[in-house]
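Student: Chains as they are written, first to last, in our numbering: chain A, 137 to 597; chain B, 137 to 597.
Before anything else, here's the structure in question.
There are 2 protein chains.
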Amino acid sequence: MANEKIPYKIYLTEDEMPKAWYNVRADMKVKPAPLRNPANGEPMGFDDLTPVFCDELVKQELDNDTAYFPIPDDIRNFYKMYRPSPLVRAYCLEEKLQTPAKIYYKFEGNNTSGSHKLNSAIAQAYYAKNQGLKGVTTETGAGQWGTALSMACGYLGLDCKVFMVKCSYEQKPFRREVMRTYGASVTPSPSETTAVGRKILEQFPGTTGSLGCAISEAVEVATSTPGYRYVLGSVLNQVLLHQSVIGLETKIAMDKYGIVPDVIIGCAGGGSNLGGLISPFMGEKLRGERDYQIIAVEPKSCPSFTRGTYAYDFCDTGMVCPLAKMYTLGSSFIPSADHAGGLRFHGMSSTLSQLYHDGYMEAVAVEQTKVFAAAEEFARVEGILPAPESSHAIRVAIDEALKCKETGEEKTILFGLTGTGYFDLVAYEKFHNGEMIDYIPSDEEIAAGIARLPNIPGIND
Amino acid sequence: MANEKIPYKIYLTEDEMPKAWYNVRADMKVKPAPLRNPANGEPMGFDDLTPVFCDELVKQELDNDTAYFPIPDDIRNFYKMYRPSPLVRAYCLEEKLQTPAKIYYKFEGNNTSGSHKLNSAIAQAYYAKNQGLKGVTTETGAGQWGTALSMACGYLGLDCKVFMVKCSYEQKPFRREVMRTYGASVTPSPSETTAVGRKILEQFPGTTGSLGCAISEAVEVATSTPGYRYVLGSVLNQVLLHQSVIGLETKIAMDKYGIVPDVIIGCAGGGSNLGGLISPFMGEKLRGERDYQIIAVEPKSCPSFTRGTYAYDFCDTGMVCPLAKMYTLGSSFIPSADHAGGLRFHGMSSTLSQLYHDGYMEAVAVEQTKVFAAAEEFARVEGILPAPESSHAIRVAIDEALKCKETGEEKTILFGLTGTGYFDLVAYEKFHNGEMIDYIPSDEEIAAGIARLPNIPGIND
Numbered sequence: 137m138a139n140e141k142i143p144y145k146i147y148l149t150e151d152e153m154p155k156a157w158y159n160v161r162a163d164m165k166v167k168p169a170p171l172r173n174p175a176n177g178e179p180m181g182f183d184d185l186t187p188v189f190c191d192e193l194v195k196q197e198l199d200n201d202t203a204y205f206p207i208p209d210d211i212r213n214f215y216k217m218y219r220p221s222p223l224v225r226a227y228c229l230e231e232k233l234q235t236p237a238k239i240y241y242k243f244e245g246n247n248t249s250g251s252h253k254l255n256s257a258i259a260q261a262y263y264a265k266n267q268g269l270k271g272v273t274t275e276t277g278a279g280q281w282g283t284a285l286s287m288a289c290g291y292l293g294l295d296c297k298v299f300m301v302k303c304s305y306e307q308k309p310f311r312r313e314v315m316r317t318y319g320a321s322v323t324p325s326p327s328e329t330t331a332v333g334r335k336i337l338e339q340f341p342g343t344t345g346s347l348g349c350a351i352s353e354a355v356e357v358a359t360s361t362p363g364y365r366y367v368l369g370s371v372l373n374q375v376l377l378h379q380s381v382i383g384l385e386t387k388i389a390m391d392k393y394g395i396v397p398d399v400i401i402g403c404a405g406g407g408s409n410l411g412g413l414i415s416p417f418m419g420e421k422l423r424g425e426r427d428y429q430i431i432a433v434e435p436k437s438c439p440s441f442t443r444g445t446y447a448y449d450f451c452d453t454g455m456v457c458p459l460a461k462m463y464t465l466g467s468s469f470i471p472s473a474d475h476a477g478g479l480r481f482h483g484m485s486s487t488l489s490q491l492y493h494d495g496y497m498e499a500v501a502v503e504q505t506k507v508f509a510a511a512e513e514f515a516r517v518e519g520i521l522p523a524p525e526s527s528h529a530i531r532v533a534i535d536e537a538l539k540c541k542e543t544g545e546e547k548t549i550l551f552g553l554t555g556t557g558y559f560d561l562v563a564y565e566k567f568h569n570g571e572m573i574d575y576i577p578s579d580e581e582i583a584a585g586i587a588r589l590p591n592i593p594g595i596n597d
Numbered sequence: 137m138a139n140e141k142i143p144y145k146i147y148l149t150e151d152e153m154p155k156a157w158y159n160v161r162a163d164m165k166v167k168p169a170p171l172r173n174p175a176n177g178e179p180m181g182f183d184d185l186t187p188v189f190c191d192e193l194v195k196q197e198l199d200n201d202t203a204y205f206p207i208p209d210d211i212r213n214f215y216k217m218y219r220p221s222p223l224v225r226a227y228c229l230e231e232k233l234q235t236p237a238k239i240y241y242k243f244e245g246n247n248t249s250g251s252h253k254l255n256s257a258i259a260q261a262y263y264a265k266n267q268g269l270k271g272v273t274t275e276t277g278a279g280q281w282g283t284a285l286s287m288a289c290g291y292l293g294l295d296c297k298v299f300m301v302k303c304s305y306e307q308k309p310f311r312r313e314v315m316r317t318y319g320a321s322v323t324p325s326p327s328e329t330t331a332v333g334r335k336i337l338e339q340f341p342g343t344t345g346s347l348g349c350a351i352s353e354a355v356e357v358a359t360s361t362p363g364y365r366y367v368l369g370s371v372l373n374q375v376l377l378h379q380s381v382i383g384l385e386t387k388i389a390m391d392k393y394g395i396v397p398d399v400i401i402g403c404a405g406g407g408s409n410l411g412g413l414i415s416p417f418m419g420e421k422l423r424g425e426r427d428y429q430i431i432a433v434e435p436k437s438c439p440s441f442t443r444g445t446y447a448y449d450f451c452d453t454g455m456v457c458p459l460a461k462m463y464t465l466g467s468s469f470i471p472s473a474d475h476a477g478g479l480r481f482h483g484m485s486s487t488l489s490q491l492y493h494d495g496y497m498e499a500v501a502v503e504q505t506k507v508f509a510a511a512e513e514f515a516r517v518e519g520i521l522p523a524p525e526s527s528h529a530i531r532v533a534i535d536e537a538l539k540c541k542e543t544g545e546e547k548t549i550l551f552g553l554t555g556t557g558y559f560d561l562v563a564y565e566k567f568h569n570g571e572m573i574d575y576i577p578s579d580e581e582i583a584a585g586i587a588r589l590p591n592i593p594g595i596n597d
């Protein structure tokens, strides 16, 4: 062990926990591009967004200048139920790899949602409650976000309507039951309960649904039911703001022990975990105080950073949401049935896209089988069964540590372990049985997705 | 909040973690009765037990005098990966119940086995490795113990052969895949790989197996394969010794903040969790230093303490194991298909049975539907989705807190939250759908089980 004084797990005391979220946009010289109205291409302001989202969240969404937003006491108290999350020194993994590198991970899986999603779910539910709303609507695919939101709403006594992609609803009954335990209503999408759902069912009888369709249903219910708003678990600026609690806790814990990471690694789907983990470190980098190597890891099956283009696009396949400027494969791009459901998003957070575009971070894409091999290696020595999403970061952390073994460098590597894989064992089984396939889209498929980007004069031309 | 200074979660530092296990038998005036050979009724000694169990574990099993066993460094390092477990102040549950009681729980579910089982699994695997063995065998029903043992063996590079009851193997493929991730071989029982398995399959073609049969297969493989021993996750004295880490951590955390529990509550199947949680408190009670109300909670469907008899009996339905003196419903008693698989054992730890017999603890039995109602109430305010087993303790903790509301007493209640319910969602679904049944055995059924106890002259007469 390189440093005997550093414990296996660093926990903060409640007094040391962050009292404000950090908004990385405040330190960006080039701000992320605004959301735009798909009808006329105009930037969307407060009044355009409040019919869909809670007022306070819209303010957070639009604010590129305020660096710190105080975390309300009620949210801090909820955080205390499952936070601080541990910053773990991966002594056992280092030993296994025989690397001179020092590896740390911030583990966000020790709560019933099994992931970091709860950090933003409780914030969004709180602001809805505070606005005097009756409830919120959302969509869920794999189910982590739906579970987190159900937990937050259950705690606050807020109604929660989840539209769950029908094939997931049927294939993942356990996820559905967890949400019901917390009092949420879970509707398989497309459903007969909305106009858009009925229309889709008429056009495509027997369809098993899609995330795009579930979003459309959730938005319809939110905007047509008095006292309801729609909430979302990733991509948006507000979500990255709430998730900054991950990076802030990490930074406080590291500072306490004088640890400075050389490399920071996170998996990237819509960007909620990566954006949260890196935010205070990125802040230092943007302000020129310190340099870090920051690596986003995405699946080769859905490589928005590494093979996408930087342009305005729809966030949803149903094309009902505002346009966002981001690295995208095109909203019509259908990723293969890759098992890391949380990383199967065609686009990427606007904030992270701008930072990547400006050279503040790197990105790598990895094959699924190599991700599961890393997951298994990690589980055996570190105990935790990781989610496939999180395992993308593990893969690259191991690769970096093995490079250090070659060069003899004693780099300090930090990665985000966003969640646990208890609900992903079908994928693990495929891996064990040698039935897992590495799907990599062809150049033609990538080009076709990008060719169908919305064509808005003066914006995407 | 009654005391502002007590945090939501109390974590010990690594320096504060226990350095030795506590053996409650050392403080018992009346020692638990010895294991006896079913062939001749003689007490079993070191040489009788070492063909089946590891040498060091047999020593621990037989030692009624040594109060503290130092925890080997390698085990303490493994403990540091997932321990200390948090002692949680249930502020949100207290608020919900509007009770003057102060409620604490020790949460053992923050590891991939999802339960406290890992505390003994790593100890048993360590001693096997230290003895130069190649591997261990065991049986598993619901899968928590098999998962914990797989994790421990995966970490130490020890072979692990798990016999999993065939119906669980088929119905719980996820549990099986977790074990495979950690490198264990999992065989559905009964199997063609053992003589006893083949015999059972010949007699009962198409049988879906039983725990008794799986034990018989695991013991056969351990005793007939050079370099292997059999290990067990509950009931035995050695297991309670290792699980004392739960109670010791709890006691250290409580002492640190000057908290003294009035009531201590744990669920009881074979006794591993309850015995571990209460041990240091029971030690004080046995030594006359302090009094505590200690309550064991069992399901009404399998009420060994409250409706069983105190006698020598087989620990397994296959009747291949030594006889233990315990509260038992008879090894032929078949509990209903109650969902709390971990509490479906016909007997009880000999140590706890003696303590109960001597009046040092109480026992209550609760109905399943009331247990799930408590589980759901708890989940919504405290966030954690509890295992059905653990929820038995939650039920009684809530009942005690509601009594305090009636009387105005400000009692301090401590209970053990042994694990999470991620793999028990079929049961939650039944509960949500109103399809859960409260099965309570008739007096005739209880009498029939007890009537078939082994009849050994001079012992059970």
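Glycine is no exception: its CB is placed at the ideal position from the N, C-alpha and C atoms.
Where do the N-terminal and C-terminal ends of the alpha helix (DSSP H) with G383 (chain B) fall, by residue?
Tutor: Per DSSP, G383 (chain B) belongs to the alpha helix (DSSP H) from N373 to K392.
Student: In whole angstroms, what separates the C-alpha of D494 (chain A) from that of G412 (chain A)?
Tutor: Whole-angstrom Cα-Cα distance: 19 Å.
Student: Going by C-alpha to C-alpha distance, which of A:P593, A:L538 and A:V375 sits closest to V194 (chain A)?
Tutor: It is A:V375 whose Cα lies nearest to the Cα of V194 (chain A).
Student: Kindly indicate which three-state DSSP category A186 (chain B) falls into: helix, strand or coil?
Tutor: Before going further, note that residue 186 (chain B) is Thr rather than Ala in the sequence given. Coil at T186 (chain B), not helix or strand.
Student: To be precise: take each residue of the region 324-345 of chain A, compare its Cβ to all Cβ atoms of chain B, and keep it if any distance is under 8 Å. Which residues remain?
Tutor: Here the close residues number zero.
Student: In chain order, what residues of the same chain lie with their CB nearer than 7 Å to the CB of N139 (chain B), ignoring the 5 residues before and after it?
Tutor: For N139 (chain B), the pLDDT reaches just 48, beneath the cut-off of 50, and the residue's location in the model is therefore unreliable, although a value from the coordinates is still provided. Hits under 7 Å: none found.
Student: Look at the alpha carbon of F450 (chain B) and the alpha carbon of G277 (chain B), and state the distance between them as a whole number of angstroms.
Tutor: Taking the straight line from one Cα to the other gives about 18 Å.
Student: So G483 (chain B) and E525 (chain B) are in contact, right, with Cβ under 8 Å, and what is the actual spacing, rounded?
Tutor: Not really, about 16 Å apart at Cβ, beyond 8 Å.
Student: For A447 (chain B) and P324 (chain B), what's the separation of their Cα atoms in angstroms?
Tutor: Cα to Cα, A447 (chain B) sits roughly 32 Å from P324 (chain B).
Student: Pull up the distance between the alpha-carbon of S415 (chain B) and that of D163 (chain B), whole angstroms please.
Tutor: Going by the C-alpha atoms only, they are around 10 Å apart.
Student: If you draw a straight line from the alpha carbon of M137 (chain B) to that of Y492 (chain B), how long is it in whole angstroms?
Tutor: Because M137 (chain B) carries a pLDDT of 37, less than 50, the predicted location of this residue cannot be relied on, and the following value inherits that uncertainty. Distance between the alpha carbons of M137 (chain B) and Y492 (chain B): 35 Å.
Student: By Cβ distance below 8 Å, which residues in the same chain neighbour N246 (chain B) in space, the five residues on each side in sequence not counted?
Tutor: Excluding sequence neighbours, N246 (chain B) sits near Y218, S221 and P222.
Student: Below 7 Å between beta carbons is the criterion; list the residues of the region 496-524 of chain A that meet it against any residue of chain C, in chain order.
Tutor: No chain C appears in this structure, whose protein chains are A and B.
Student: Report yes if the C-beta distance between K506 (chain B) and R531 (chain B) is below 8 Å; otherwise report no.
Tutor: Cβ distance < 8 Å, so K506 (chain B) and R531 (chain B) count as in contact.
Student: Measure the CB-CB distance between C190 (chain B) and I351 (chain B) and report whether it falls below 8 Å.
Tutor: Taking 8 Å as the Cβ cut-off, C190 (chain B) and I351 (chain B) do not qualify as a contacting pair.
Student: Taking the alpha-carbon positions, what's the S286 (chain A) to I395 (chain B) distance?
Tutor: Looking at the two C-alpha atoms, the distance is approximately 33 Å.
Student: Which complete beta strand (DSSP E) runs does the region 284-362 of chain B hold, if anything under 3 residues is left out?
Tutor: Those beta strand (DSSP E) runs which fall completely within the region 284-362 of chain B and span 3+ residues are 295-301 and 321-325.
Student: Leaving out five residues on either side along the sequence, give the residues of the same chain with a beta carbon under 8 Å from the beta carbon of E231 (chain B).
Tutor: So the qualifying residues of the chain are V517.
Student: Round the Cβ separation of M418 (chain A) and I430 (chain A) to the nearest angstrom and send it over; I've been treating them as touching at under 8 Å.
Tutor: About 7 Å separates the two Cβ atoms, so the contact holds.
Student: Against chain A, does G271 (chain B) count as a neighbour if the rule is that its beta carbon must be under 8 Å from one of theirs?
Tutor: False, the Cβ-Cβ gap to chain A never drops below 8 Å.
Student: Of the residues B:K539, B:N591 and B:N373, which one's Cα is nearest the Cα of G466 (chain B)?
Tutor: Checking every option, the nearest Cα to that of G466 (chain B) belongs to B:N591.
Student: Counting only Cβ-Cβ distances shorter than 7 Å, please list the residues of the region 548-572 of chain B near chain A, keeping chain order.
Tutor: Of all residues in the region 548-572 of chain B, Y558, L561, Y564, E565 and H568 have a Cβ within less than 7 Å of some Cβ in chain A.
Student: In the DSSP assignment, what are the bridge partners of I549 (chain B)?
Tutor: Bridge partners of I549 (chain B): B:I239 and B:V399.
Student: Under 8 Å between beta-carbons, which chain A residues line up against P246 (chain B)? List them in chain order, please.
Tutor: In the sequence under discussion, the amino acid at residue 246 (chain B) is Asn, which differs from the Pro named in the question. Result: N246.
Student: Would you say the region 399-406 of chain A touches the region 527-544 of chain A, given that touching needs at least three Cβ pairs under 8 Å?
Tutor: With the cut-off at 8 Å, the region 399-406 of chain A and the region 527-544 of chain A touch.
Student: DSSP three-state call for D199 (chain B): helix, strand or coil?
Tutor: Residue state, collapsed to three classes: coil.
Student: May I ask you to verify whether the region 364-379 of chain B touches the region 243-261 of chain B, counting CB pairs closer than 8 Å and requiring at least 3?
Tutor: Result yes; three or more Cβ-Cβ pairs closer than 8 Å.
Student: Thinking C-alpha only, which one of A:T343, A:S527, A:D295 and A:P236 is nearest A264 (chain A)?
Tutor: Nearest C-alpha to A264 (chain A): A:D295.
Student: Whole angstroms are fine: how far does the CA of A499 (chain A) sit from the CA of F514 (chain A)?
Tutor: F514 (chain A) and A499 (chain A): Cα-Cα distance of roughly 22 Å.
Student: Is R588 (chain B) closer than 8 Å to S468 (chain B) when the C-beta atoms are compared?
Tutor: In this structure, R588 (chain B) lies closer than 8 Å to S468 (chain B) by Cβ.
Student: State whether the region 563-578 of chain B contacts the region 309-323 of chain A, with contact taken as three or more CB pairs (one from each stretch) at a distance under 8 Å.
Tutor: Enough Cβ pairs lie closer than 8 Å, so yes.
Student: Apart from the five residues on each side of it in sequence, which residues of its chain come closer than 6 Å, Cβ to Cβ, to P170 (chain B)?
Tutor: Closer than 6 Å at Cβ, skipping near neighbours: P179.
Student: Which value, in whole angstroms, describes the spacing of the CA atoms of A108 (chain B) and S437 (chain B)?
Tutor: Given that chain B is displayed from residue 137 to residue 597, the structure contains no residue 108 (chain B) and the question cannot be resolved.
Student: Output, in chain order, the set of chain B residues within a Cβ distance shorter than 7 Å of M287 (chain A).
Tutor: Chain B residues near M287 (chain A): G519.
Student: Please report whether the beta-carbon of T359 (chain A) lies at a distance below 8 Å from any beta-carbon of chain B.
Tutor: So no, T359 (chain A) is outside the interface.
Student: Given G363 (chain A), which residues of its chain have a CB within under 6 Å of its CB, disregarding the five upstream and five downstream residues?
Tutor: Result list for G363 (chain A): L269 and K270, in chain order.
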